[in-house]
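Residue numbers (the numbering used here), protein chains in the order written: chain P, 1 to 135; chain R, 1001 to 1650.
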């Protein structure tokens, strides 16, 4: 837990785990998205988008308003293991990426309600993420 | 001698916990093959694991997983999120150049995601082209055999999988186990040939309950298909402390582990029909059967594993087969040690708490072979043959074999097979030999290759290849100055020696593997003398220095019958050690530390003259040093001596 959101952002760089920012509600989520964009973070809408930003220095975030999709859960679980493989179940093809970690920030932004829903569905992301922020 | 060998043990370099050769990687001694084609998008990149901390826990986990990989058994590892199960497997795959096919079963409900399904044909150009084509699922792509590739299928969060997925996975496991093909009902019953040599299955689970929602215990009947390893929920305290220190560079990235943590796999597995030749196999099998029943009872009565949420049993069919396969792959000449290691792997590893493991360990200690008092330990391969009976029990107790295995493991960095002592070597014979200043040593059967290999590769490459097989037997010319001066650093003979064989100036050495009784006295420094001995008197010399090779050899031939008789032996060859034998024992005993030379029995030829190789001069390489001397010349400066060995007959 860090004191300010700015502190939190500083520490997310080069982590070997995904970082998590917890918003009280959707209003705060919107505020945090704006703050991230102000700090040159790019929003990823799916895992393909995420893959583009983790093989070289970069800052990327995912905003989660509802229960976490399965492929995003698979991403969080595998990110620390040195290789991420996501299975595209429509084309039945694996997509693989090797995170570079160095100077890469990956933040999952999630509302409390979405986190509860996610945890209840069996995706225990709190055990998988690294540093965490909540206001 | 006892004290000196302990001292050497302290100074000898231990084998590296993770050691790599051109085509293998060994995890605490369990050696796995690298893939011939170790590249591609599914192979994890090695540079991502450069900061992987090889602490005791990680090394143990790698070893346990490596055993199952080697045996072709599917392995299920249950443990907490933070212990690094997936990372460890991906790291091993990166070492080995193996592909990883990963699927997380949490939230997956569709069997076709794993096995494949028909999708619209993206390459369809004409009406003749099929409208749909089959696309492999994750498991199917891991099962497909591709030349030069080895694949690991990781089924993560296995106990969060839907029941229909588990059923399909078990069909695959059964086919792999039987070495049969997998029939893809998803693809018009396509038959996919599979092999457990090239496809490794790993299931990973978090402990059911214990805060892990959605993780149900697996049915024990399903669990039996897997080698079940119960890892802790959190890292052990000492591991946490060590790995944290290592992260802050206050400790080495590779933690030192005791010798007992190693489990050396055989270069070549035994064949099942060779099992009956293992001394004591019938005796220990009887004890194993009793152990299995007692261990099952402990679990059934919840005297162990009472608080483990995942129920399991010790399976009557699977465990004995696994133990047998373990013995085939890891038998090290000590049937007790091999069996006990197997039981720790397949039985103790299912238990989480130290208390439970201690209870089972008491039972494991019972599985021990003690040779009967007056029956030879060596059983004939012919089951109808009568075991030879001697008046006194042969001295080949498991302790002797264990001592030899450990000693050569230190010298060579590899496991060697130790044959049982010849039946003629009773404790009385051993005592007689010791009175003459001799001790029993097994000179191992080394795979030196052939003269053709040496000529083709040249001596440098040839010695490097030997070093790949025997990592601690290092090429002398590659040692640093400080290593050359440190005679506890074990070393091969110098290149010059092998060059003699390459140029046909010496017969290519052979190392068939035999027990010898050898004089183990230290080699004196220049100006000192060999300790007086009964054997020196018998040979008719006052000292071992200033004796020609011819005189020493003649004295040995003349005294052979007398020496054998005093030892209580009927047969045996009395001679000096060959140069390679001398080198191996010098590395073990420390003979290379002093600045004198010794004759060997190895003949070298130069310009039509027959010469003998002399060895051992500390400033020239110690155990690695080799030169030649004229066998008729006595070198009267008090620097060249000799020692006697009795090569034991059957």
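Virtual Cβ for every residue (Gly too), placed ideally from N, Cα, C.
Quiz item: Mind checking residue 1622 of chain R: buried by the 16 CB within 10 Å criterion, or exposed?
Solution: For the purposes of this step, residue 1622 of chain R is taken as the residue at position 622 of the second chain. Counting other Cβ atoms within 10 Å of its Cβ, residue 1622 of chain R reaches 16 or more and is therefore classed as buried.
Self-check item: The beta strand (DSSP E) enclosing residue 1101 of chain R, as first and last residue numbers
Solution: Counted from its first residue, the second chain places residue 1101 of chain R at position 101. It spans 1099–1104 - the beta strand (DSSP E) in which residue 1101 of chain R sits, taken as one unbroken run.
Quiz item: Do the stretch 93–103 of chain P and the stretch 1109–1118 of chain R make contact, defined as three or more Cβ pairs closer than 8 Å?
Solution: Short answer: they don't touch.
Practice problem: Report the residues of the stretch 1026–1047 of chain R with a CB closer than 8 Å to any CB of chain P, ordered along the chain. | Solution: Listed by position, the residues of the stretch 1026–1047 of chain R near chain P (Cβ gap below 8 Å) are 1041, 1042, 1044, 1045.
Quiz prompt | Rounded straight-line distance, which links the Cα of residue 1303 of chain R to that of residue 92 of chain P | solution = Locating residue 92 of chain P in the first chain gives position 92, counting from the first residue. Locating residue 1303 of chain R in the second chain gives position 303, counting from the first residue. In this structure, the CA atom of residue 92 of chain P is about 48 Å from the CA atom of residue 1303 of chain R.
Practice problem: Please report how far the alpha carbon of residue 1344 of chain R lies from the alpha carbon of residue 1364 of chain R, in whole angstroms. | Solution: Along the second chain, read from residue 1 onward, the residue named residue 1344 of chain R stands at position 344. Along the second chain, read from residue 1 onward, the residue named residue 1364 of chain R stands at position 364. Between residue 1344 of chain R and residue 1364 of chain R, the C-alpha separation is close to 8 Å.
Exercise. Would you mind stating whether residue 1143 of chain R and residue 1203 of chain R have Cβ atoms separated by less than 9 Å?
Key: Locating residue 1143 of chain R in the second chain gives position 143, where the first residue counts as 1. Locating residue 1203 of chain R in the second chain gives position 203, where the first residue counts as 1. Annotated as distal: residue 1143 of chain R and residue 1203 of chain R, with beta-carbon spacing of 9 Å or more.
Quiz item: Does residue 1117 of chain R have its Cβ less than 9 Å from a Cβ in chain P?
Solution: As a first step, residue 1117 of chain R is located in the second chain; it is residue number 117 there, counting from the start. For residue 1117 of chain R, the answer is yes, since a Cβ of chain P falls inside 9 Å of its Cβ.
Quiz item: What in chain R is Cβ-close to residue 80 of chain P, meaning under 8 Å?
Solution: Here residue 80 of chain P refers to the residue found at position 80 when the first chain is read from its first residue. Those within 8 Å of residue 80 of chain P in chain R are 1087.
Exercise. Give a single yes or no on whether residue 1632 of chain R has its beta carbon closer than 8 Å to a heavy atom of the ligand NAD.
Key: In the structure on display, the ligand NAD does not appear, and there are no ligands present to speak of.
Quiz item: For the 8 Å Cβ check, are there 3 or more pairs between the stretch 1515–1525 of chain R and the stretch 1584–1591 of chain R?
Solution: Output reads yes: the stretch 1584–1591 of chain R touches the stretch 1515–1525 of chain R.
Practice problem: Please check if any C-beta of chain P sits within less than 9 Å of the C-beta of residue 1348 of chain R. | Solution: Along the second chain, read from residue 1 onward, the residue named residue 1348 of chain R stands at position 348. Cβ-Cβ to chain P under 9 Å: no for residue 1348 of chain R.
Exercise. List in chain order: all unbroken beta strand (DSSP E) runs of 3+ residues lying wholly within the stretch 1232–1316 of chain R.
Key: The stretch 1232–1316 of chain R contains no whole beta strand (DSSP E) run of 3 or more residues.
Practice problem: State the beta-bridge partners of residue 94 of chain P as determined by DSSP. | Solution: Position 94 of the first chain holds residue 94 of chain P. Note: residue 94 of chain P is bridge-paired with P:87 in the DSSP secondary-structure output.
Quiz item: For the 8 Å Cβ check, are there 3 or more pairs between the stretch 1228–1243 of chain R and the stretch 1323–1334 of chain R?
Solution: As far as the Cβ criterion goes, the stretch 1228–1243 of chain R does not touch the stretch 1323–1334 of chain R, which means the pair count is below three.
Quiz item: So, is the C-beta of residue 997 of chain R closer than 9 Å to a C-beta in chain P?
Solution: An answer regarding residue 997 of chain R cannot be provided, because it is not within the stretch 1001 to 1650 covered by chain R.
Exercise. In the DSSP assignment, find the unbroken alpha helix (DSSP H) run with residue 1574 of chain R in it and report its ends.
Key: Numbered from 1 along the second chain, position 574 holds the residue referred to as residue 1574 of chain R. No alpha helix (DSSP H) contains residue 1574 of chain R, which is instead part of the beta strand (DSSP E) from 1572–1575.
Quiz item: What in chain P is Cβ-close to residue 1138 of chain R, meaning under 8 Å?
Solution: Here residue 1138 of chain R refers to the residue found at position 138 when the second chain is read from its first residue. Residues of chain P passing the Cβ test: 87, 94.
Quiz item: If you draw a straight line from the C-alpha of residue 1123 of chain R to the C-alpha of residue 88 of chain P, how long is it?
Solution: Position 123 of the second chain, counted from the first residue, corresponds to residue 1123 of chain R. Position 88 of the first chain, counted from the first residue, corresponds to residue 88 of chain P. Distance from the CA atom of residue 1123 of chain R to the CA atom of residue 88 of chain P, rounded to whole angstroms, is 18 Å.
Exercise. Measure from the C-beta of residue 98 of chain P to each C-beta in chain R and report whether the shortest distance is under 9 Å.
Key: Within the first chain, residue 98 of chain P is the residue found at index 98, counting from 1. Judged by the 9 Å Cβ criterion, residue 98 of chain P is in contact with chain R.
Quiz item: Hey, quick one: how far does the alpha helix (DSSP H) through residue 1550 of chain R stretch, first residue to last?
Solution: For the purposes of this step, residue 1550 of chain R is taken as the residue at position 550 of the second chain. For residue 1550 of chain R, the enclosing alpha helix (DSSP H) covers residues 1549–1567.
Self-check item: Cutoff 9 Å: residue 124 of chain P Cβ touching any chain R Cβ
Solution: Indexing the first chain from 1 puts residue 124 of chain P at position 124. Yes, because at least one Cβ of chain R sits closer than 9 Å to the Cβ of residue 124 of chain P.
Quiz item: How about residue 1632 of chain R and residue 1549 of chain R: do their beta carbons lie closer than 9 Å?
Solution: What you label residue 1632 of chain R is simply residue 632 of the second chain in a count that begins at 1. What you label residue 1549 of chain R is simply residue 549 of the second chain in a count that begins at 1. Yes. Within cutoff.
Practice problem: Answer with yes or no whether the minimum CB distance from residue 1606 of chain R to chain P is below 9 Å. | Solution: Translated into the one-based positions of the second chain, residue 1606 of chain R becomes position 606. No, its Cβ sits nowhere closer than 9 Å to a Cβ of chain P.
Practice problem: Give every residue of the same chain whose Cβ lies closer than 6 Å to the Cβ of residue 1308 of chain R, excluding the five residues on either side of it in the sequence, and list them in chain order. | Solution: One-based indexing of the second chain puts residue 1308 of chain R at position 308. Correct list, in chain order: 1352.
Self-check item: For residue 1577 of chain R and residue 1535 of chain R, the rounded distance between their alpha carbons
Solution: Indexing the second chain from 1 puts residue 1535 of chain R at position 535. Indexing the second chain from 1 puts residue 1577 of chain R at position 577. Distance from the CA of residue 1535 of chain R to the CA of residue 1577 of chain R, rounded to the nearest whole angstrom, comes to 16 Å.
Quiz item: Curious, which full-length beta strand (DSSP E) runs of at least 3 residues does the stretch 1058–1130 of chain R contain?
Solution: Taken in chain order, the complete beta strand (DSSP E) segments of 3 or more residues contained in the stretch 1058–1130 of chain R are 1075–1078, 1099–1104, 1116–1120.
Exercise. Taking only beta-carbon positions, decide if residue 47 of chain P is within less than 9 Å of chain R.
Key: The residue you call residue 47 of chain P lines up with position 47 of the first chain. False, the Cβ-Cβ gap to chain R never drops below 9 Å.
Quiz item: When the Cα atoms are used, what is the spatial distance from residue 1388 of chain R to residue 1280 of chain R?
Solution: Counted from its first residue, the second chain places residue 1388 of chain R at position 388. Counted from its first residue, the second chain places residue 1280 of chain R at position 280. Caution applies to residue 1388 of chain R, whose pLDDT of 33 falls short of 50 and renders its modelled position unreliable; the value that the coordinates give is listed next. Rounded to the nearest angstrom, the two C-alpha atoms are 14 Å apart.
Quiz prompt | Chain-order list of residues whose beta-carbon lies under 8 Å from that of residue 1340 of chain R (same chain, five-residue window excluded) | solution = Here the question's residue 1340 of chain R lines up with position 340 in the second chain. Result list for residue 1340 of chain R: 1364, 1365, 1367, 1368, in chain order.
Quiz item: Nearest chain R C-beta to residue 133 of chain P closer than 9 Å, yes or no?
Solution: What you label residue 133 of chain P is simply residue 133 of the first chain in a count that begins at 1. No, residue 133 of chain P does not count as interfacial toward chain R.
Self-check item: Distance, residue 1499 of chain R Cα to residue 1653 of chain R Cα
Solution: Here chain R comprises residues numbered 1001 to 1650, so residue 1653 of chain R is not present and cannot be evaluated.
Quiz prompt | Test: residue 74 of chain P CB closer than 9 Å to a CB of chain R | solution = Translated into positions along the first chain, residue 74 of chain P becomes position 74. Judged by the 9 Å Cβ criterion, residue 74 of chain P is in contact with chain R.
Quiz item: Which one or two residues does DSSP pair with residue 1200 of chain R in a beta bridge?
Solution: Indexing the second chain from 1 puts residue 1200 of chain R at position 200. According to DSSP, which records beta bridges pairwise, residue 1200 of chain R is partnered with R:1152.
Exercise. Can you say whether residue 34 of chain P is buried or exposed, counting buried as having 16 or more other CB atoms within 10 angstroms of its CB?
Key: Sequence index remark: in the first chain, residue 34 of chain P carries index 34 (1-based). When all chains shown are included, residue 34 of chain P counts as exposed.
Practice problem: Tell me whether residue 128 of chain P is buried or exposed, calling it buried when 16 or more other Cβ atoms sit within 10 Å of its Cβ. | Solution: Taking the first chain and counting its residues from 1, one reaches residue 128 of chain P at position 128. Answer is buried; the Cβ neighbour count reaches 16.
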